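Chemist: Numbering (this note's numbering), first residue to last: 36 to 410.
1. Kindly identify the DSSP beta-bridge partner or partners of residue 268.
2. DSSP three-state label for residue 196, please.
3. Out of 53, 298 and 48, point me to the one whose CA is closest to residue 320's CA.
4. Fully enclosed by the region 292-355, which beta strand (DSSP E) runs are 3 residues long or longer?
5. Would you kindly check if the distance between the Cβ of residue 148 and the Cβ of residue 129 is under 7 angstroms?
6. Just the C-alpha distance for residue 107 and residue 294, rounded to the nearest angstrom, thanks.
7. Find out if the Cβ-Cβ distance for the pair residue 409, residue 316 is shorter than 7 angstroms.
8. Hey, residue 72 and residue 40 are a contact pair by Cβ (cut 8 angstroms); roughly how many whole angstroms apart?
9. Any idea which residues DSSP pairs residue 148 with across the strands?
10. Look up residue 246 in the DSSP assignment and say whether it is helix, strand or coil.
11. Beta-carbon within less than 6 angstroms of residue 46's beta-carbon, same chain only, minus the 5 sequence neighbours each way: which residues are those?
12. Taking the alpha carbon of residue 81 as the point to measure from, which residue in 90, 94 and 401 has its own alpha carbon closest?
13. Please go through the same chain and pick out, in chain order, the residues whose beta-carbon is closer than 8 angstroms to the beta-carbon of residue 348, but skip the five residues on each side of it.
14. Could you round the C-beta distance between residue 275 and residue 239 to whole angstroms and report it? I think they count as a contact, below 8 angstroms.
15. What residues in its chain sit with their C-beta under 7 angstroms from that of residue 395, if we drop five residues either side in the sequence?
16. Do you know whose CA, among 110, 67, 171 and 101, lies nearest residue 89's CA?
17. Starting from the Cα of residue 241, find the closest Cα among 157, 139 and 356 and give me that residue.
18. Check whether the Cβ atoms of residue 121 and residue 143 sit closer than 7 angstroms, and answer yes or no.
19. Report the three-state DSSP secondary structure of residue 65 (helix, strand or coil).
20. Spatial neighbours of residue 363 within its chain, please: CB distance less than 6 angstroms, with the 5 preceding and 5 following residues excluded, ordered by chain position.
21. Quick check on this structure: which residue in 102, 326, 164 and 183 has the alpha carbon closest to the alpha carbon of residue 340?
22. How long is the line joining the alpha carbons of residue 265 and residue 169, rounded to whole angstroms?
23. Hey, quick one: how far does the alpha helix (DSSP H) through residue 413 stretch, first residue to last?
24. Quick test of your reading: residue 313 and residue 234, contact by CB under 8 angstroms. State the CB separation rounded to the nearest angstrom.
25. From the DSSP output, read off the bridge partner residues of residue 97.
26. Taking only the alpha-carbon atoms, compute the straight-line gap between residue 55 and residue 78 and give it to the nearest angstrom.
27. Using only CA atoms, which one of 163, 177, 247 and 213 lies nearest to residue 193?
28. For the pair the region 249-267 and the region 362-378, tell me if three or more CB-CB distances fall below 8 angstroms.
29. So the beta strand (DSSP E) residue 203 belongs to, where does it begin and stop?
30. Please classify residue 318 as buried or exposed, where buried requires at least 16 other C-beta atoms within 10 Å of its C-beta.
31. Quick check: what's the CA-CA separation for residue 336 versus residue 380?
32. How is the alpha helix (DSSP H) around residue 140 delimited, first residue to last?
33. Looking at C-alpha atoms only, which residue of 268, 100, 58 and 370 is the closest neighbour of residue 21?
34. DSSP on residue 259, reduced to helix/strand/coil?
35. Report yes if the C-beta distance between residue 288 and residue 236 is below 7 angstroms; otherwise report no.
36. Around the C-beta of residue 247, are 16 or more other C-beta atoms found within 10 angstroms, so that it is buried, or is it exposed?
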């Protein structure tokens, strides 16, 4: 007998630390168990990040995608859909979009695809192969979700998806887990009062461009060496750019002013040790880390890419700078060093905006409306 609670089969590239993946886990953890069951089909497996899923009934399936064009992958997906009989298939980003075809062939009526952001190899969204794939396959989806207005316009204007088939849903943030600090944590680096700690968190990979933040930090101290006494840098996360970032700091003699511990499970606690959050990405959809920083009561310096401009209010909750411009980023950091009251003012406004506009409840409610077919 089929379980009366409908099943959603989520298809993603890989379940590991990342914004898309964090959003998926948050969604699963907050959807009531009597509303939907969940299975996650991972093209390239999963990491220990999967332990953040609180529900014990979530099925994880590794599709074992081979390198290159794996034709048998479609048969494996089709086979799993035949066995699972999902009520909804939800694919995320281009890497999983092809799963809408076996979903259609196995009779899944609700086929949803969401766009979360762009990769480094197609920051502008103009790659002709990617455009062709989306234009060919998205008609097989019954509905599309865009995480930002920028992505919604892209799906309509460039791909040709009708507006009536697109729902724009911002990520939600846990404003109870991420909340303003009451003081410095003596168990973490830089507990001294009077410091201004600039921080970032996320996978250290080229599209996130954390080396621009390092160069900006170094440049800032060259321009205003008096701030060497109080300016500090925290960079949480691991990836190919971490060793380069450390080398830059060591070569400049700034390593003692920075902390790069790699991946951490206590990001919420570490964010409360920061004073200003910085996101130097070359491309973004809707950044979970910006939302988490805002909920923590931090002003945000972010690059003017993707959905960042929809989250950060210029000179209201933070500052916006051009991407890949360490000089402009250094200038924004100096503005906060020169105006400590602006840190408090922007941080307070950021917290209020997170509570008002980006609650977890509103995100879950919007997804449920799509899953229920009400959008």
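Note that CB positions come from ideal geometry on N, CA and C, so glycine has one too.
All figures in this text were calculated on a predicted structure; none of them were measured in a lab.
Modeler: Per the coordinate set shown:
1. In the chain shown, the residue the question calls residue 268 occupies position 233. Within the DSSP secondary-structure output, residue 268 pairs in a beta bridge with 233 and 293.
2. One-based indexing of the chain shown puts residue 196 at position 161. Looking at residue 196 - three-state DSSP - the assignment turns out to be coil, as it is neither helix nor strand.
3. As a position in the chain shown, residue 320 is number 285, starting the count at 1. Nearest of 53, 298 and 48 to residue 320, Cα basis: 53.
4. Fully enclosed beta strand (DSSP E) runs of 3 or longer: 293-297, 311-314 and 335-338.
5. As a first step, residue 129 is located in the chain shown; it is residue number 94 there, counting from the start. As a first step, residue 148 is located in the chain shown; it is residue number 113 there, counting from the start. Cβ atoms of residue 129 and residue 148: not closer than 7 angstroms.
6. Counting from one through the chain shown, the residue named residue 107 turns up at place 72. Counting from one through the chain shown, the residue named residue 294 turns up at place 259. C-alpha separation (whole angstroms): 45 angstroms.
7. Taking the first residue of the chain shown as position 1, residue 409 is located at position 374. Taking the first residue of the chain shown as position 1, residue 316 is located at position 281. Result no, Cβ atoms of residue 409 and residue 316 do not sit closer than 7 angstroms.
8. To locate residue 72, count along the chain shown from 1; it is residue 37. To locate residue 40, count along the chain shown from 1; it is residue 5. Right, the Cβ-Cβ distance comes to about 5 angstroms (below 8 angstroms), so this counts as a contact.
9. Residue mapping note: residue 148 aligns to position 113 of the chain shown, counting from 1. The partner list for residue 148 (beta bridge, DSSP) reads 126 and 179.
10. In the chain shown, residue 246 corresponds to position 211, counting from 1. Helix.
11. Along the chain shown, one-based indexing puts residue 46 at 11. Contacts found: 76, 126, 131 and 134.
12. As a working note, residue 81 is residue 46 in the chain shown. Its Cα nearest to that of residue 81, the residue 94 stands out among 90, 94 and 401.
13. Reading the chain shown from its first residue, position 313 is the one you call residue 348. Cβ neighbours of residue 348 within its own chain (closer than 8 angstroms, five residues either side excluded): 384 and 388.
14. As a working mapping, residue 275 is identified with position 240 in the chain shown. As a working mapping, residue 239 is identified with position 204 in the chain shown. Approximately 7 angstroms separates the beta-carbon atoms of residue 275 and residue 239; this is inside 8 angstroms, confirming the contact.
15. Locating residue 395 in the chain shown gives position 360, counting from the first residue. Excluding residues within five positions, the ones whose Cβ falls inside 7 angstroms are 61, 65, 207, 208 and 209.
16. For the purposes of this step, residue 89 is taken as residue 54 along the chain shown, with counting starting at 1. When C-alpha distances from residue 89 are compared across 110, 67, 171 and 101, the shortest belongs to 67.
17. Residue 241 sits at position 206 when you count from the first residue of the chain shown. The shortest Cα separation from residue 241 among 157, 139 and 356 belongs to 157.
18. Reading the chain shown from its first residue, position 86 is the one you call residue 121. Reading the chain shown from its first residue, position 108 is the one you call residue 143. Yes, the Cβ-Cβ distance between residue 121 and residue 143 is below 7 angstroms.
19. Here residue 65 refers to the residue found at position 30 of the chain shown. The answer is helix: DSSP assigns residue 65 an H, G or I state.
20. Counting from one through the chain shown, the residue named residue 363 turns up at place 328. Cβ neighbours of residue 363 beyond the five flanking positions: 356 and 357.
21. In the chain shown, the residue the question calls residue 340 occupies position 305. For residue 340, the nearest C-alpha among the options comes from 183.
22. In the chain shown, the residue the question calls residue 265 occupies position 230. In the chain shown, the residue the question calls residue 169 occupies position 134. Each residue's alpha carbon lies about 49 angstroms from the other.
23. As displayed, the chain neither begins before 36 nor continues past 410, which places residue 413 out of reach and without an answer.
24. To locate residue 313, count along the chain shown from 1; it is residue 278. To locate residue 234, count along the chain shown from 1; it is residue 199. Contact between residue 313 and residue 234 holds: their C-beta atoms lie close to 7 angstroms from each other, under 8 angstroms.
25. Within the chain shown, residue 97 is the residue found at index 62, counting from 1. DSSP lists 77 as partners of residue 97.
26. Here residue 55 is taken as the residue at index 20 of the chain shown, counted from 1. Here residue 78 is taken as the residue at index 43 of the chain shown, counted from 1. The alpha-carbon atoms of residue 55 and residue 78 are separated by roughly 14 angstroms.
27. Position 158 of the chain shown, counting from 1, holds the residue named residue 193. Comparing Cα-Cα distances from residue 193 to each of 163, 177, 247 and 213, the minimum goes to 163.
28. Contact holds: three or more Cβ-Cβ distances are below 8 angstroms.
29. As a first step, residue 203 is located in the chain shown; it is residue number 168 there, counting from the start. Its beta strand (DSSP E) spans residues 201-203.
30. Mapped onto the chain shown, residue 318 falls at position 283. Residue 318 counts as buried, since no fewer than 16 other beta carbons sit within 10 angstroms of its beta carbon.
31. Locating residue 336 in the chain shown gives position 301, counting from the first residue. Locating residue 380 in the chain shown gives position 345, counting from the first residue. When rounded, the distance between both Cα atoms is 14 angstroms.
32. The residue you call residue 140 lines up with position 105 of the chain shown. Following the DSSP letters along the chain, one finds residue 140 inside the alpha helix (DSSP H) bounded by residues 135-140.
33. With the chain covering only 36 through 410, there is no way to say anything about residue 21.
34. Position 224 of the chain shown holds residue 259. Coil at residue 259, not helix or strand.
35. What you label residue 288 is simply residue 253 of the chain shown in a count that begins at 1. What you label residue 236 is simply residue 201 of the chain shown in a count that begins at 1. Between residue 288 and residue 236, the CB-CB gap reaches or exceeds 7 angstroms.
36. As a first step, residue 247 must be located in the chain shown, where it is residue number 212. Label assigned to residue 247: buried.
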